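Protein chains: 6
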Amino acid sequence: MTESVQHLPDILPNILIEPLVKAALLEDLGRAGDITTDAVIPAALTAQAAIVAREAGTIAGTRAAELAFRLLDPPTACEIPAPDGSRVSPGKVVMQIEGRARALLSAERTALNFLGRLSGVATATAALVQAVEGYGVGITCTRKTTPGLRALEKAAVRAGGGANHRFGLDDAVLIKDNHIALAGSIAEAVRRVRQRIGHLVKIEVEVDTLRQLEEAMAVSPDAVLLDNMTPKQLEQAVAMVRGRATTEASGRIDLETAPVIAATGVNLLSVGWLTHSSRSLDLGLDMAQA
Amino acid sequence: MTESVQHLPDILPNILIEPLVKAALLEDLGRAGDITTDAVIPAALTAQAAIVAREAGTIAGTRAAELAFRLLDPPTACEIPAPDGSRVSPGKVVMQIEGRARALLSAERTALNFLGRLSGVATATAALVQAVEGYGVGITCTRKTTPGLRALEKAAVRAGGGANHRFGLDDAVLIKDNHIALAGSIAEAVRRVRQRIGHLVKIEVEVDTLRQLEEAMAVSPDAVLLDNMTPKQLEQAVAMVRGRATTEASGRIDLETAPVIAATGVNLLSVGWLTHSSRSLDLGLDMAQA
Amino acid sequence: MTESVQHLPDILPNILIEPLVKAALLEDLGRAGDITTDAVIPAALTAQAAIVAREAGTIAGTRAAELAFRLLDPPTACEIPAPDGSRVSPGKVVMQIEGRARALLSAERTALNFLGRLSGVATATAALVQAVEGYGVGITCTRKTTPGLRALEKAAVRAGGGANHRFGLDDAVLIKDNHIALAGSIAEAVRRVRQRIGHLVKIEVEVDTLRQLEEAMAVSPDAVLLDNMTPKQLEQAVAMVRGRATTEASGRIDLETAPVIAATGVNLLSVGWLTHSSRSLDLGLDMAQA
Amino acid sequence: MTESVQHLPDILPNILIEPLVKAALLEDLGRAGDITTDAVIPAALTAQAAIVAREAGTIAGTRAAELAFRLLDPPTACEIPAPDGSRVSPGKVVMQIEGRARALLSAERTALNFLGRLSGVATATAALVQAVEGYGVGITCTRKTTPGLRALEKAAVRAGGGANHRFGLDDAVLIKDNHIALAGSIAEAVRRVRQRIGHLVKIEVEVDTLRQLEEAMAVSPDAVLLDNMTPKQLEQAVAMVRGRATTEASGRIDLETAPVIAATGVNLLSVGWLTHSSRSLDLGLDMAQA
Amino acid sequence: MTESVQHLPDILPNILIEPLVKAALLEDLGRAGDITTDAVIPAALTAQAAIVAREAGTIAGTRAAELAFRLLDPPTACEIPAPDGSRVSPGKVVMQIEGRARALLSAERTALNFLGRLSGVATATAALVQAVEGYGVGITCTRKTTPGLRALEKAAVRAGGGANHRFGLDDAVLIKDNHIALAGSIAEAVRRVRQRIGHLVKIEVEVDTLRQLEEAMAVSPDAVLLDNMTPKQLEQAVAMVRGRATTEASGRIDLETAPVIAATGVNLLSVGWLTHSSRSLDLGLDMAQA
Amino acid sequence: MTESVQHLPDILPNILIEPLVKAALLEDLGRAGDITTDAVIPAALTAQAAIVAREAGTIAGTRAAELAFRLLDPPTACEIPAPDGSRVSPGKVVMQIEGRARALLSAERTALNFLGRLSGVATATAALVQAVEGYGVGITCTRKTTPGLRALEKAAVRAGGGANHRFGLDDAVLIKDNHIALAGSIAEAVRRVRQRIGHLVKIEVEVDTLRQLEEAMAVSPDAVLLDNMTPKQLEQAVAMVRGRATTEASGRIDLETAPVIAATGVNLLSVGWLTHSSRSLDLGLDMAQA
């Protein structure tokens, strides 16, 4: 894990993040800009600030936070002692910023909104990863992400040590209950899909019962999503699959149930709430005149 | 409350919401669209679907959810038995949709992502509103919102019975600790602000101590933000202010502490976690062939 | 006034202005760019230019003008001897530019279009401010601005010594005749508004008669807009209000009538033509080979 | 003129105007929308409104005004008794609108801002056209237009009976003083241009003196811009050109000087202030409950 | 093939195509619109038109063409006798359009530019598919697509009976020579990739030699790209792979070499020129007054 | 020609090209970025690369290719030994790039897609220009360009030594068969056009027969487009026109027929396939660790 974590801070190029950070700044600046700061703080005044963790957690979103300051005032200098994927204790400095005081104050909330939310996702993921340590199971996220922030939230899941499910409707096939119902059978749905997709697209089938699983395995999917099964059913499912497909469990997975489900031998736990319901990590910005 | 609730479903015109919903759909559709659905479901097939609450809560975001379906296929018909602001029990139908099966399946996740998150905000707000019922205190949100979704989250707070703080840095003045430190004093900061702002802009000053409050009241702000004060301090603060400014308490407010703080007589409780840390409301989409 | 003028050149961050200047450049460059300049001027040639006032006035829009040159060729150097808010005499150099001759020639018209129009607004405002000097009255603008340029025109009004009315429909409440007619009464309209808005939003009521003013004052608005009243009526209005609300006069205000209306004791004169009908300030660009 | 006027209302397709009107609406609605109207006016209430001329003039911009209402609420019905190019007297109804009262009130200012400004341009143009009636001279505009609104302002000039100069730097060649200075001579500048441009691009040369005109005519431009010449010089210029190029006079042209300059026999009067300094036409919206 | 062809016309929802068609229309309309048509054709005149194949081929891009007309004038009616995937003979009517004559004339070139180019891609693909009929080999495209048009060109390849390779850098892994060189070995590159990617992402390795292939097969990729191998080497490669990975040949594939390469037993032929170098299909628009 | 070629690399300012290159990069990076490169290549590794011609041709699009690298990583250094308009032999280095290895690998395909396509257009143009050398005829392109890339393709035609026809529907008038049919006659169409257009817009009339040409010449157009005429008819046409208009031949022009048509004395050959059907120039990127 060490090595891939080293790579993480760089994997989303600025060209992908910048439009989101710019939109967030504009949303906050409105038409008239930061009227408080512009009135109170002289334009030439410079200052230093530190973003500090107020509680323990795993960091994500530092690039977005840095961009918030730099989009407002490009010469602003940022150092990041705790890059994405770092575990921090309360009081740890995550980012140090130096530049015009106006830019620091006006971008503060936008930077913290990104950093807090994404670190919250990373922290929740890391907790779950830790909860299943030793079981050889992976934690993966879903498409239940915040509208507009999917790429950042998926990166935050990776920063927390989790893995990514598909990024959208177009990069992998997931045949779900409604598809099966409307196609008539799993076999027919998979047949139709194989007519259309290219050779680099994987197919996963969602099943609720072992009977459906049997039907699915007959057409050799790359992965099966075992939805809302009991630990006992999951064990049987793993036995039926015999390593011929990736097994992924979903439904009612939390810090308590995760080890139990992990013990069934499934390859992955799929968890929606990492992205749709984790709370923000508490971070603050402390400022000092430069 | 009844009357304002009637107005709520309509207050954000589509011209404001549409870009957000379109961006979310495009984020999910990627370059190739919904490759599963396009392969499995015939283009002409129509279907009916219902979005159903899986737990109790307060609804928000129905307009965004409706738009998700209609942007993908304009003739899709939507009825909304539980518009924004409605309290729902588990099993309650929130929205009924009829149209092409492909559009229903492809827009489902985007619609639910908006509806779940925003209803989560509304539900958290409503719980807090209920917790302080009878105290004559209002619940208000902050700028700690999801980047890009501020307008929708502010509307969700209103749907839950809460009130809105400023929408950005430009529509009201909030003089915070760093402004005061860099200006030298509260009086000087307020003086500079009054030189710049128009007659329709209000001024709020954030204070941590009663001594600061005294300094603030000397320059007649419209509101004071009493940050991280004890209930006892808040009571004293309310007594000092004597109705000459709106009093707003912030810091460590949850369902348990809220009534205690409300009992101090402050006008408003300001709560960041309504928008940055509430969990999504659990909603599902049930489908049937038309 | 001196101090706030010092701040003005900086209050609209580039992130807010850049899209407007980019759009204006693209509008002028079309698909093929500046075909005259590209054919006639060698790519490597550098030049110096000065933007010079051809008549007396007050400057605004220098940041937009500077951006026009720098968006076309980022290394272009700009100095601004006469920043926003400066009063200039004919012949005064407002901006000095040095860079590639092509960029100077291609951006010239866009830069001058911004600078001329915005300086025109500032100049008209300054004339009106001067006309009422000594009366203790402020000059404020309206929402009758050029589509797309509101933030810049509001800043130009401030550069001319005026103040800003609300920036849009969302940052303050203004209850006008049609609202009153459809609500049934001023009291009912204000009651509905108070149900919805947050504690940092001010309420202004527009009235045509003293009778309406009485009705309005009964519900304690933050400001009253006294529309098309005679000086005599305005005097009575000021007396009725007794400082309990900001008083703002509108209608038929020009350089001649302004002192008369100012003498009535109203707090503000609201003037639409500053932004919708003032003429451009005459400025020219003089060029020399570097 | 009759026939071309018939065509005018249609020449800018909605796909070109819509982004401008949408941007103007969004600029006014901000993040929270029309908070006054949303609070005061029930969502279902419908109303009728009429846009009425408060002074005499020539109309332009009706399509933009119509779009303002329809972008906010698509079923809004608009009739346009006075389409672009119509001359109106005070009291004349320009546009009748029927639809939801909220949309009428929220779009009113945006619609009027477009209609007033563009009708102001058309009215100024029409006055100048009338001033030179009988001289066989045309009125043409320049690139001194409002940033972002060039296409609409050029259309307004046509609505007023004027003609359009080039729309940007790319659709025709205009060799100006700085080009000539940097190229060394008119002949050299024209030679370089002819090497680059296609066969459907015309060349105009700006000259200040008759000597320069002689130099220009030697290389057969399509048009000559006679800048700041006296009527006497213009007469001589026309005589020198002998119909071999279009002659266009610019500089110090107003309602008084125009006939004198027209009498010199030039083909066109080029007038920047039509677009950069004409005042808005006074129009109002009168509303009635439907 | 029949069944998947039925699905094709619908697989790219309008929300994905519309921005491209709108950009193309705006590129053609410029600032002033279609000045020829607007001057010559009365606004109310309606007409009928037919887009007709002038040579034999396979159609793609009908949805984009239809949108070109409808974006300019929404009520325009379009019928598509030859939807995407249809093989047409010279003279065959591909699309029938009825609406305002102006919209038909102004959108004609944009519609034909999309339809001609995309049908050219489909026709080239179909020719190659036909050339290898009976060999059980598929034809696939690459990322060598026209900037901005990838999704449409990939759909055109499907319309021609081909299959799609990955849509971008993010939906599948392709380890190429430079990756291998910088990582040190195929094994190391694959190891690093497996640390990062999710379970629904496939891995393909590009190899130039059989020795590299052996190295690649040792780490079990999902697919191997056999670049620039001779038919003999390809045969050996297929024998080495033994069905454990998809085999894809690339390099020097044209209508003549394709059957020879297909006969080696590889699964796929990867062909860049389908999208970067096929010529447009010749189509024309015939018009008649309605 | 030498001199204008020197100017070419600079004539499209970055502000025009950047949105196209950014869109192409985003299309390739998708939501997750270059997952192969990000996993395999350390973030800090730098490298050198050279873009090399694999076949002889004429270069165009170097600015777009350079931007692809620099938009991904601004400090990337680019040298361009073969700027737009250069003729290159196989093996010639067109561009040298040095920077972070990740940026080089991730931008490679986008850079080559622009460079290959645009150099293909330039190469085809140059071949045709050479084919008619000595005849005193020019080669011009049409509006049959790739949707979205018109400005770049027109510049590529210039880089190949050709000339540009109009850039869109708005910068010149071209009266075609359908316009004539709907107007009733060439004379009537031209009359209507002259009522509307400004003095810097040229008029071309398309004719199929000598009889139509006679009709056209009677109303003095600036140019005539002689469509699908035989060489004999073209000779007669040239004789009829007698230099009073530019003569432009179109239809069935290829490398073989071009000299024959050129020999008829027409001024220009108009060729659609330069932009809609020329194949990409083969270029490759060779990389070395820095």
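Protein chains in written order, with the numbering used here: chain A, 45 to 334; chain B, 45 to 334; chain C, 45 to 334; chain D, 45 to 334; chain E, 45 to 334; chain F, 45 to 334.
No residue lacks a Cβ here, since even glycine has one placed at the ideal position from N, Cα and C.
Note that the structure is a prediction, hence the values are computed from the model and not measured.
Check: Tell me, to the nearest whole angstrom, how far the beta carbon of residue 189/E is from that of residue 209/E; I am working on the premise that it is less than 8 angstroms.; Outcome: Actually they do not touch by this definition, with Cβ atoms about 10 angstroms apart.
Check: At least one CB of chain I closer than 7 angstroms to the CB of residue 85/A: is that the case?; Outcome: Given the protein chain composition of this structure (A, B, C, D, E and F), no chain I is represented.
Check: Residue 100/C and residue 132/C look like a contact to me (Cβ under 8 angstroms); what is the Cβ gap, rounded to whole Å?; Outcome: 7 angstroms
Check: Around the Cβ of residue 72/B, are there at least 16 other Cβ atoms within 10 angstroms (buried) or fewer (exposed)?; Outcome: buried
Check: Output the distance between the C-alpha atoms of residue 347/C and residue 96/C, rounded to the nearest integer angstrom.; Outcome: The question about residue 347/C has no answer here: the residues shown for chain C are numbered 45 through 334.
Check: Going by beta carbon distance, what residues of the same chain come within less than 6 angstroms of residue 68/C, once the five residues before and after it are set aside?; Outcome: 154
Check: Suppose you measure from the CA of residue 59/C to the CA of residue 57/F; what does that come to, to the nearest Å?; Outcome: 21 angstroms
Check: Spatial neighbours of residue 259/E within its chain, please: C-beta separation below 6 angstroms, excluding the five flanking residues on both sides.; Outcome: 230
Check: Sort out for me which residues DSSP pairs residue 329/F with in a bridge.; Outcome: 95/F
Check: Name the DSSP bridge partner or partners of residue 271/B?; Outcome: 294/B
Check: So with Cβ pairs under 7 angstroms, would you call residue 275/C a contact of chain A?; Outcome: no
Check: Of all the CB atoms in chain A, is at least one closer than 7 angstroms to the CB of residue 158/C?; Outcome: no
Check: Given a cut-off of 7 angstroms, decide if residue 195/C and residue 75/A are closer than it, judged by their beta-carbon atoms.; Outcome: yes
Check: Taking a contact to mean a Cβ-Cβ separation below 7 angstroms, would you say residue 290/B touches residue 311/B in this structure?; Outcome: yes
Check: Helix, strand or coil for residue 9/E? Go by DSSP, reduced to three states.; Outcome: Since the first residue shown for chain E is 45 and the last is 334, residue 9/E is missing from the structure and cannot be characterised.
Check: Relative to the alpha-carbon of residue 320/E, which residue among 217/E, 200/E, 215/E, 205/E has its alpha-carbon at the smallest distance?; Outcome: 200/E
Check: Would you please verify whether the beta carbon of residue 59/B is less than 7 angstroms from any beta carbon of chain C?; Outcome: no
Check: Between the beta-carbon of residue 322/D and the beta-carbon of residue 176/D, is there less than 7 angstroms?; Outcome: no
Check: Once DSSP output is grouped into helix, strand and coil, what is the label at residue 19/A?; Outcome: Absent from the model: residue 19/A. The displayed extent of chain A is 45 to 334, so no value can be given.
Check: To be precise: take each residue of the segment 207-227 of chain F, compare its Cβ to all Cβ atoms of chain E, and keep it if any distance is under 9 angstroms. Which residues remain?; Outcome: 211, 212, 213, 214, 215, 216, 217, 218, 219, 220, 221, 222, 223, 224, 225, 226, 227
Check: Can you check whether the C-beta of residue 195/F is within less than 7 angstroms of a C-beta belonging to chain C?; Outcome: yes
Check: Quick one: grab the DSSP three-state call for residue 102/F.; Outcome: strand
Check: I need the straight-line Cα distance from residue 84/A to residue 223/B, nearest angstrom please.; Outcome: 7 angstroms
Check: Okay, do the segment 294-301 of chain B and the segment 274-293 of chain C touch, 3+ Cβ pairs below 8 angstroms being the bar?; Outcome: no
Check: For residue 324/A, collect the residues of the same chain with a Cβ closer than 6 angstroms to its Cβ; drop the 5 residues on either side in sequence, then sort them by chain order.; Outcome: 160, 161, 164
Check: Give me the subset of the segment 176-202 of chain D whose CB atoms are less than 9 angstroms from a CB atom of chain E, sorted by chain position.; Outcome: 194, 195, 198, 199
Check: Alpha carbon to alpha carbon, how far is residue 122/D from residue 109/D?; Outcome: 10 angstroms
Check: Given a limit of 8 angstroms on CB to CB distance, which residues of the segment 61-77 of chain E reach chain D?; Outcome: 66, 69, 70, 73, 74, 75, 76, 77
Check: For the ligand SAH, is there any heavy atom lying closer than 6 angstroms to the beta carbon of residue 100/C?; Outcome: This structure lacks the ligand SAH; in fact it carries no ligand of any kind.
Check: Give the straight-line distance between the Cα atoms of residue 126/C and residue 105/C, rounded to the nearest whole angstrom.; Outcome: 11 angstroms
Check: Rounded to whole angstroms, what is the Cα-Cα separation between residue 87/B and residue 63/E?; Outcome: 22 angstroms
Check: If you measure between the beta carbons of residue 213/D and residue 215/C, is that distance less than 7 angstroms?; Outcome: no
Check: Using a Cβ-Cβ cut-off of less than 9 angstroms, give me the residues of the segment 294-324 of chain F that come near chain E, in sequence order.; Outcome: 316, 317, 320, 321, 322, 323, 324
Check: Which of the three DSSP states is assigned to residue 176/F in this structure?; Outcome: coil
Check: Counting only beta-carbon separations shorter than 7 angstroms, does residue 56/B have a partner in chain D?; Outcome: yes
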